[in-house]
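Engineer:
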Amino acid sequence: MSDAVRFGLVGYGSGGRTFHAPLIASAANIEFLGVVTTNDERRKQLAEQHPTATAYDSIGALAEAGAEAVAISTPVTTHAELALEAIAHGLHVVVDKPFTLDAERAREVVAAAKAKGVLLSVYQNRRYDSDFRTLRRLIDDGQFGTVRRFESRFERWAPERKPGAAGGGTLLDFGSHLVDQALLLNGPAVRAYAEVRGSGELDDDFFLALHHVNGVESHLWGSWRQGAPGPRYRVAGTTGTFVVLGVDGQEAALKAGQSPADLGDEWGVEPEAAWGRIYRGDEGTRVRSERGRWDLYYPAFAAAVRGEGPLPVEPADVVRNMTVLDAARESARSGQTIRL
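So for the sequence shown, UniProt numbering puts the first residue at 1; every next one is plus one.
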């Protein structure tokens, strides 16, 4: 741990407690200093869950304690302001998704990090999902030919949930992951068409179609009120189609209080019943799933801080993602296809 990156976390709500703190604390090349929060209940939770971590009143206090890097897990409406504050203190920064509310603000944060000479990334942990890693392996191996259509969904039945302005709505929330994966897999998009619906303050159901430069069509769905969720992936190639029905199990494991530190090599391993299948007509062949590896993100970021590897997600990817999401909102408002 002598060369471990001294890391802090801003925010200890459900996101910080569940999706960031356990993974930061589990990373071998990170020293988890503590959390910026002034909420008494969350300070109590931090003391119970991470006894060696300290609660700080501000990002400035965290920096004074010797932090080199910080992860921001707060409502999206505060991301840009807090990222800029951390950058001003000379900290390397990870921002949870959605990175910002729009591409213009994203570009401002990226420019500030570049000017200060600090590293900046977004927490796209879904790049490390078991099913997505499996899909990339199969495509690289040519297991179902050339991809023609990429269908991807985050659909859940929780009609009582009404995403508010602080979270940016379902298009920004689920869409940040879905668009990132589509662009990573299929390359840049040239046009976007979206349909957005909502029963609350902001959207809780959307469909987004992207046409990529390489000819692939991405169809993306996100919903909190889908009573019959579709498959997580259906990816059609020239010689077959890959289908995954359920979702990666790492989210459920973290919510159950498990972590990579507890499970070791069992972390992210999917049961055979959850594996996807390649179909060529009516016959489907089950294919082994890669391990889910959310535990790789923070070690990769820490290695980049030490100059020992690339960022897990580049700032240019952040801006590209937000630009597509901006186009999706414009399309939903106008009913028109938007050129990117």
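Beta carbons are placed, not taken as given, at the ideal position from N, Cα and C, and that holds for glycine.
Name the residue from V318, T323, A302 and F207 whose alpha carbon lies nearest to the alpha carbon of L23.
Structural biologist: Closest option to L23, Cα to Cα, is A302.
Engineer: Would A106 and V319 qualify as a contact pair, given that the criterion is a beta-carbon distance under 8 angstroms?
Structural biologist: yes
Engineer: Could you check where the beta strand (DSSP E) with D96 kicks off and where it finishes?
Structural biologist: H92 to D96
Engineer: Roughly how many whole angstroms lie between the Cα atoms of H79 and L183?
Structural biologist: 23 angstroms
Engineer: For the beta strand (DSSP E) containing L33, name the first residue and the last one.
Structural biologist: I30 to V36
Engineer: Name the residue from G175, A228 and W267 whose alpha carbon lies nearest to the alpha carbon of residue 394.
Structural biologist: Here the chain has residues from 1 to 340 only, and residue 394 is not among them.
Engineer: Can you tell which of H219, G142 and A63 has the C-alpha that lies nearest to the C-alpha of G8?
Structural biologist: The option with the nearest alpha carbon to G8 is A63.
Engineer: Could you spell out the range, first to last residue, of the beta strand (DSSP E) harbouring T134?
Structural biologist: First-last for T134: S130 to D140, but that is the alpha helix (DSSP H), not the beta strand (DSSP E).
Engineer: Quick one: using the 10 Å Cβ neighbour count with 16 as the cut-off for buried, is G168 buried or exposed?
Structural biologist: Counting C-beta atoms within 10 angstroms of its own C-beta, G168 has 16 or more neighbours from the protein chains shown and is therefore classed as buried.
Engineer: Go ahead and pull the three-state DSSP assignment for W267.
Structural biologist: coil
Engineer: List the whole-angstrom C-beta distance separating A21 from I59, where the pair is believed to meet the contact cut-off of C-beta under 8 angstroms.
Structural biologist: Going by Cβ atoms, the distance from A21 to I59 rounds to 16 angstroms, so no, they are not a contact pair.
Engineer: Which residues share a DSSP beta bridge with H20?
Structural biologist: Answer is none; H20 lacks a bridge partner.
Engineer: Distance check for N39 and G292, CA to CA, integer angstroms please.
Structural biologist: 33 angstroms
Engineer: From A316 to A273, what distance separates their C-alpha atoms?
Structural biologist: 37 angstroms
Engineer: Which residue wins for smallest C-alpha separation from H92, given the options Y128, R333, L46 and S121?
Structural biologist: S121
Engineer: Hey, could you find the ends of the beta strand (DSSP E) Y56 is sitting in?
Structural biologist: For Y56, the enclosing beta strand (DSSP E) has its first and last residue at T54 to Y56.
Engineer: If you check the beta carbons only, do L101 and V76 fall under 8 angstroms apart?
Structural biologist: yes
Engineer: For the stretch 215 to 302, which segments carrying the alpha helix (DSSP H) assignment without a break, of at least 4 residues, lie completely within its bounds, in sequence order?
Structural biologist: 250 to 255 and 260 to 263
Engineer: Express the C-alpha separation of E270 and V36 in angstroms, rounding to a whole number.
Structural biologist: 34 angstroms
Engineer: Pick helix, strand or coil for A112, following the three-state DSSP scheme.
Structural biologist: helix
Engineer: Hey, could you find the ends of the alpha helix (DSSP H) E81 is sitting in?
Structural biologist: Its alpha helix (DSSP H) spans residues H79 to A88.
Engineer: Indicate whether S130 and D262 have their beta-carbon atoms separated by less than 8 angstroms.
Structural biologist: Pairing S130 with D262 gives a Cβ-Cβ distance that is not under 8 angstroms.
Engineer: Once you ignore the five residues that flank L245 on each side, which residues in its own chain have a CB closer than 7 angstroms to its CB?
Structural biologist: The residues P231 and R232, in chain order, have a CB closer than 7 angstroms to that of L245 in the same chain once the five nearest residues on each side in sequence are set aside.
Engineer: Starting from the Cα of G117, find the closest Cα among Q143, A103, A69 and R280 and give me that residue.
Structural biologist: Nearest option by C-alpha distance: A69.
Engineer: Going by the beta-carbon positions, is the gap between Y123 and V94 smaller than 8 angstroms?
Structural biologist: yes
Engineer: Pull up the distance between the alpha-carbon of R42 and that of E48, whole angstroms please.
Structural biologist: Cα-Cα distance, rounded: 10 angstroms.
Engineer: Using the C-alpha atoms, what's the distance from L84 back to A112?
Structural biologist: 7 angstroms
Engineer: Using only CA atoms, which one of A332, M322, P299 and V179 lies nearest to A27?
Structural biologist: P299
Engineer: Please report how far the alpha carbon of E266 lies from the alpha carbon of G257, in whole angstroms.
Structural biologist: 15 angstroms
Engineer: Quick one: grab the DSSP three-state call for S212.
Structural biologist: It should be noted that the sequence gives His, not Ser, for residue 212. Correct three-state label for H212: strand.
Engineer: Using alpha carbons as the reference points, say which of G309, V243, E314 and E308 lies closest to G281.
Structural biologist: Cα-wise, what sits closest to G281 is V243.
Engineer: Note down the Cα distance separating H219 from R153, rounded to an integer number of angstroms.
Structural biologist: 9 angstroms
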